[in-house]
Amino acid sequence: MIVTGILISLLLHAIIPWPENDHPRVYDFLISIIITILVWEGNLRIDDMLNKKLPWVINPAKRILVHLPVSLVFSAFAIYIPMLVFNTYVCENVELHQGKLMLSSIAIGVLISFMILSVEISTQFFSNWKKSLVEVEKYKAESAQAQLQNLKSQINPHFLFNNMSVLASLVYKDQDKAVDFINQLSKVYRYLLDSRNSELVSLDSELAFIKSYTYLLQIRFDKSFVFEMDVPQNLLSKLIPPMALQMLVENAVKHNEVSTDHPLTVSVSANENYLTIKIIFNCARMKKTQLKPDCKYTARYKHFTNNEVEIIENEKSYIVKIPYFEN
Amino acid sequence: MKAIIIEDEKLSAEYLTNLLKKLSSIEIIAVIDSVKKSLDFFSALPTADLLFVDVHLADGLSFEIFSKIAIDIPNIYYRLR
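Chains as they are written, first to last, in the working numbering: chain A, 481 to 807; chain B, 474 to 554.
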């Protein structure tokens, strides 16, 4: 930076014909270097400060509108004041006090600042833009992955197969229940189709879907699977990603014991900020693998919101808190 | 013929029971739904002609039962999941 200062001052002295001075040339260089350092460092501080108060990502237009004038005004003063001091105390030459010369040096200084500033601002702007584009691509990839997983797991033979076995038993045993079961199964697949292309769904529709889904589970596991839900009416319009709840329930059933000795309870509740799902498994055996999907799960969420999915593990239960989203 | 079912899903056990009743003379005398209960049940050495055993039980694989105690009754293994 000091090197640049020297170079700029050399440049300036080469370009501008200074009149003969009554002081050594070295002072001229010195003042140029001081001015360069002031302008450079000052602008760096301004940039830092604005990065904290008005970051590029939040409001690029405003940032440019503020950054440019502030920097240029500062640069102008950073040139004017030292020169004033210089002229008053060091250089006795009256001609140099002429406004015209001062003005031209300020003008050149500001121009150079402006050029450097423009390069700096554009670089920052484009690098931030690129970063956000990369974020979007990453999200798209992860979202596609999650969607694929979901599709695979639902239209996958196992899910269908299990439910068909249950249905087969029901047909002989209790025909009314069999019909209910078929209806709920259809509702599940209907929801899978409808929500496939949505980024977000209302709590209302996701909960309705979960009711159907857990109905199937309750028929299959009888008293070994308990589902409870308590969500206030006014929160039903909140938005969450589709299948968010279902993924957790499916996981809970897959990795925990569901038996008469150790029933599995899934309890869903909600408050202003989170949808809470609590899974009580009542059993010492819990496979560690159960948490793995949650990592991909929480990763998906990071793209949408600053609130994170919270996972609280206890000895006999675990709780997952899902934040809501803005559209 | 008397048989015992080891199966954790109640509905499936009922289905098998009814199917056997319809298609054969096999009568189901007991249904046991976990590895733990099986170990207790079979240590009392009950008598039966046949066992229908689901591989996946709620608290483990049914093979665990047979590795822990010797059961003299012929088994038919089946899978639902």
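Think of the CB as a built atom: it goes at the ideal place given N, C-alpha and C, for glycine as much as any other residue.
Treat the numbers as computed from the prediction; the structure is a model and nothing was measured.
Item: Since Asn548 (chain B) is in the beta strand (DSSP E), which residue starts that stretch and which ends it?; Value: 548-551
Item: Residues of chain B with a CB under 7 angstroms from the CB of Met740 (chain A): which are they?; Value: Note on identity: in this sequence residue 740 (chain A) is Thr, with Met being the wrong assignment. Those within 7 angstroms of Thr740 (chain A) in chain B are Asp506.
Item: List the residues of chain A that Ser535 (chain B) touches, going by C-beta distances under 9 angstroms, in chain order.; Value: Those do not exist, as Ser535 (chain B) stays about 13 angstroms from chain A at its closest Cβ, beyond 9 angstroms.
Item: Going along chain B in order, which residues have a C-beta closer than 7 angstroms to the C-beta of Asp702 (chain A)?; Value: Lys483
Item: Does DSSP put Asn736 (chain A) in a helix, in a strand, or in coil?; Value: strand
Item: Going along the chain, which residues of the segment 726-759 of chain A sit with their C-beta nearer than 7 angstroms to a C-beta in chain B?; Value: Glu737, Val738, Ser739, Thr740, Asp741
Item: For Met582 (chain A), name the three-state secondary structure that DSSP assigns.; Value: helix
Item: Nearest CA to the CA of Tyr488 (chain B): which residue from A:Ser645, A:Phe701, A:Lys532, A:Gln625?; Value: A:Ser645
Item: Given that a residue counts as buried once 16 or more other Cβ atoms are within 10 Å of its Cβ, and exposed if not, what is Val483 (chain A)?; Value: exposed
Item: Given Val508 (chain B), which residues of its chain have a CB within under 6 angstroms of its CB, disregarding the five upstream and five downstream residues?; Value: Leu530, Asp532, Gly533, Glu537, Ile538
Item: Give me the chain B residues within the contact set of Leu665 (chain A), using Cβ-Cβ distance strictly less than 9 angstroms, ordered along the chain.; Value: Neighbours of Leu665 (chain A) on chain B: none; closest Cβ ~14 angstroms, over 9 angstroms.
Item: Which first and last residues belong to the beta strand (DSSP E) in which Pro803 (chain A) is found?; Value: 797-803
Item: Listed in chain order, which residues of the segment 501-533 of chain B have Cβ atoms closer than 9 angstroms to some Cβ of chain A?; Value: Asp506, Ser507, Lys509, Lys510, Leu530, Ala531, Asp532, Gly533
Item: Which residue from A:Glu737, A:Lys796, A:Glu752, A:Leu725 puts its Cα closest to that of Asp481 (chain B)?; Value: A:Glu737
Item: What is the residue span of the beta strand (DSSP E) that Lys703 (chain A) lies within?; Value: Note, Lys703 (chain A): premise wrong, no beta strand (DSSP E); not H, not E.
Item: Would you list the residues sitting across from Ala688 (chain A) in a DSSP beta bridge?; Value: Note: Ala688 (chain A) sits in no beta bridge, so no partner.
Item: Give a yes or no on whether the minimum CB-CB distance between Ile799 (chain A) and chain B is below 8 angstroms.; Value: no
Item: Consider the Cβ of Tyr488 (chain B): report whether some Cβ of chain A lies at a distance smaller than 8 angstroms.; Value: yes
Item: Between Thr694 (chain A) and Val729 (chain A), is the Cβ-Cβ spacing less than 8 angstroms?; Value: yes
Item: Given 8 angstroms as the limit, is there contact between the segment 750-765 of chain A and the segment 706-719 of chain A, that is, 3 or more CB pairs closer than that?; Value: yes
Item: Under a three-way DSSP split, which group does Asp545 (chain B) fall into?; Value: coil
Item: By the three-class DSSP mapping on this structure, what secondary structure does Gln770 (chain A) have?; Value: Because Gln770 (chain A) carries a pLDDT of 49, less than 50, the predicted location of this residue cannot be relied on, and the following value inherits that uncertainty. DSSP places Gln770 (chain A) in helix when its eight states are reduced to three.
Item: Strictly under 8 angstroms for the Cβ-Cβ distance: is Tyr693 (chain A) near chain B by that measure?; Value: no
Item: Indicate the three-state DSSP secondary structure (helix, strand or coil) for Glu793 (chain A) in the structure shown.; Value: strand
Item: Could you please give me the residues that DSSP links to Lys475 (chain B) through a beta bridge?; Value: B:Glu500
Item: Alpha carbon to alpha carbon, how far is Trp536 (chain A) from Asp528 (chain A)? Give it in angstroms, no decimals.; Value: 12 angstroms
Item: Taking only beta-carbon atoms, is Lys653 (chain A) less than 8 angstroms away from chain B?; Value: yes
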